[in-house]
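Colleague: Heads up: the sequence shown begins at 315 in the numbering used here, then just goes up one per residue.
Ideal placement from N, C-alpha and C gives every residue a C-beta, glycine not left out.
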Amino acid sequence: MSTRAVLEVIALDVEDAVAARAGGADRLELVTDMAADGLTPPAGTVAAIRAAVDIPLRVMLRLTDGFGAGGARGLDRLAEAAGELRAAGAEEFVLGFLDEEGGVDLGAVERVVAVLDGCPWTFHRAIDRAADRDTLRKQLDGLPGLDTYLTAGAAGGVDDGLPVLAAEAARSGEPGYEQRIMVGGGLRLDHVPALRGAGIDAFHIGGAARPGGWDGPVSVAAVARWRAVLDGDGAGAG
């Protein structure tokens, strides 16, 4: 029997969170400012969403556009934000930092993870901009709390990354590949059959949950359609 696939939906506010939950989302990624591809939301927003829905929330730790940590000052701000978010009820997070050469900024990641004190976290699509994905995975292997990679398999999105995603899924259980692959970034419903066939069981949507674009709210119906397809109850095209 196949396991139920995880559906994670980006939420910007309480309205989004309630709609995503009603549509069948298993988890939310909480961000603000999608013009910058998603930054850390205010602690008050996180607290309000935590009070409104009972599903897991992963909160973005990213203060500026791009994948750098912002140097020593930026790291201080990230660590402070992580502490404030934990105080607001956040228990799961999303983060990822690269250096100027496209390698993982291990020092920055370790500094922030230390503040999280064992909380589960996702390394986000910075992996799709990394100079060497395999090296990045092996350098991060063993960090406390890391349980997911959010990836499209390529910087250009899932269309380009399908072969990489399948190859990495096939390495599940190897050192650096124990974490769950959550696919997001240009993900469409018609990608689902091939990804499920490769053994991938976690999917992340943002714009696909918003027929009216990022200026509109999450649609219960759009999320429900994804839920149905992932559960094998709907068509995979579209």
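So for Thr359, helix, strand or coil by DSSP?
Modeller: Stepping through the sequence shown from its first residue, residue 359 is reached at position 45. Note: Thr359 maps to helix in three-state DSSP.
Colleague: Using only the alpha-carbon positions, how far apart do Leu479 and Pro355 sit?
Modeller: Within the sequence shown, residue 479 is the residue found at index 165, counting from 1. Within the sequence shown, residue 355 is the residue found at index 41, counting from 1. In a straight line, the C-alpha of Leu479 is about 29 Å away from that of Pro355.
Colleague: Quick check: the region 527–547 against the region 365–374, are at least 3 beta-carbon pairs closer than 8 Å?
Modeller: These segments do not touch.
Colleague: Beta-carbon within less than 8 Å of Thr378's beta-carbon, same chain only, minus the 5 sequence neighbours each way: which residues are those?
Modeller: Here residue 378 refers to the residue found at position 64 of the sequence shown. Ala350, Leu353, Gly384, Gly388.
Colleague: Looking at the structure shown, is Glu405 part of a helix, part of a strand, or coil, going by DSSP?
Modeller: As a position in the sequence shown, residue 405 is number 91, starting the count at 1. It is coil, neither helix nor strand.
Colleague: Indicate the three-state DSSP secondary structure (helix, strand or coil) for His438 in the structure shown.
Modeller: Mapped onto the sequence shown, residue 438 falls at position 124. His438: coil per DSSP, three-state reduction.
Colleague: Is it buried or exposed, Val408, if we count other Cβ atoms within 10 angstroms and call 16 or more buried?
Modeller: Here residue 408 refers to the residue found at position 94 when the sequence shown is read from its first residue. Val408 comes out buried.
Colleague: Helix, strand or coil for Leu389? Go by DSSP, reduced to three states.
Modeller: Residue numbering aside, residue 389 sits at position 75 when the sequence shown is read from its first letter. Helix, per DSSP.
Colleague: Does the Cβ of Ala469 lie closer than 7 Å to at least one heavy atom of the ligand PLP?
Modeller: Among the components modelled here there is no ligand, and therefore nothing to report on the ligand PLP.
Colleague: Excluding the 5 residues flanking Ala402 on each side, which residues of the same chain have their C-beta closer than 8 Å to its C-beta?
Modeller: For the purposes of this step, residue 402 is taken as residue 88 along the sequence shown, with counting starting at 1. Same-chain partners within the cutoff: Ala357, Gly358, Val360, Ala361, Arg364.
Colleague: Based on Cα-Cα distance, which residue from Gly520, Gln453, Leu509, Trp528 lies nearest to Ala339?
Modeller: Along the sequence shown, one-based indexing puts residue 339 at 25. When only C-alpha atoms are compared, the closest one is Gly520.
Colleague: Where does the unbroken alpha helix (DSSP H) through Arg373 begin, and where does it stop?
Modeller: As a first step, residue 373 must be located in the sequence shown, where it is residue number 59. It should be noted that the sequence gives Val, not Arg, for residue 373. Counting along the chain, Val373 falls outside any alpha helix (DSSP H), though it belongs to the beta strand (DSSP E) covering 371–374.
Colleague: Could you tell me whether the Cβ atoms of Ala281 and Leu430 are closer together than 8 Å?
Modeller: Residue 281 falls outside the range modelled here, since the chain spans only 315 to 552, and no answer is possible.
Colleague: What separation, rounded to the nearest whole angstrom, lies between the Cα atoms of Gly552 and Arg502?
Modeller: Sequence index remark: in the sequence shown, residue 552 carries index 238 (1-based). Sequence index remark: in the sequence shown, residue 502 carries index 188 (1-based). Residue placement at Gly552 is flagged as unreliable, the pLDDT there being 39, under the threshold of 50; the coordinate-derived value follows with that caveat. C-alpha separation (whole angstroms): 7 Å.
Colleague: Less than 8 Å separating the beta-carbons of Ala536 and Ala522?
Modeller: The residue labelled residue 536 in the question sits at position 222 within the sequence shown. The residue labelled residue 522 in the question sits at position 208 within the sequence shown. Contact: yes.
Colleague: Please confirm whether Leu344 and Val323 have their CB atoms less than 8 Å apart.
Modeller: Looking up residue 344 in the sequence shown gives position 30. Looking up residue 323 in the sequence shown gives position 9. No.
Colleague: Along the alpha helix (DSSP H) that carries Glu343, what are the first and last residues, could you check?
Modeller: On the sequence shown, position 29 is the one that residue 343 refers to. First-last for Glu343: 341–344, but that is the beta strand (DSSP E), not the alpha helix (DSSP H).
Colleague: Leaving out five residues on either side along the sequence, give the residues of the same chain with a beta carbon under 8 Å from the beta carbon of Glu308.
Modeller: No answer is possible for residue 308: the residues shown for the chain start at 315 and end at 552.
Colleague: Within 10 angstroms of the Cβ of Ala445, are there 16 or more other Cβ atoms? Answer buried if so, exposed if not.
Modeller: Translated into the one-based positions of the sequence shown, residue 445 becomes position 131. Classification for Ala445: exposed.
Colleague: Among Leu321, Leu454, Trp528, which residue has its Cα nearest to the Cα of Thr346?
Modeller: If you number the sequence shown from 1, residue 346 lands on position 32. Nearest of Leu321, Leu454, Trp528 to Thr346, Cα basis: Trp528.
Colleague: Beta-carbon separation of Val427 and Phe411 under 8 Å?
Modeller: Counting from one through the sequence shown, the residue named residue 427 turns up at place 113. Counting from one through the sequence shown, the residue named residue 411 turns up at place 97. In this structure, Phe411 does not lie closer than 8 Å to Val427 by Cβ.
Colleague: Given this structure, state the Cα-to-Cα distance separating Ala333 from Thr449, to the nearest angstrom.
Modeller: Translated into the one-based positions of the sequence shown, residue 333 becomes position 19. Translated into the one-based positions of the sequence shown, residue 449 becomes position 135. Cα to Cα, the separation comes out at about 38 Å.
Colleague: Have a look at Gly471 and Glu482 and give me their C-alpha separation to the nearest angstrom.
Modeller: The residue you call residue 471 lines up with position 157 of the sequence shown. The residue you call residue 482 lines up with position 168 of the sequence shown. Cα-Cα distance, rounded: 16 Å.
Colleague: Give every residue of the same chain whose Cβ lies closer than 8 Å to the Cβ of Arg391, excluding the five residues on either side of it in the sequence, and list them in chain order.
Modeller: Within the sequence shown, numbered from 1, the residue matching residue 391 stands at position 77. So the qualifying residues of the chain are Leu377, Gly384.
Colleague: Roughly how many angstroms lie between the CA atoms of Arg337 and Ala538, to the nearest whole one?
Modeller: Along the sequence shown, read from residue 1 onward, the residue named residue 337 stands at position 23. Along the sequence shown, read from residue 1 onward, the residue named residue 538 stands at position 224. Per the sequence presented here, residue 337 reads as Gly, with Arg not at that position. So the alpha carbons of these two residues sit roughly 4 Å apart.
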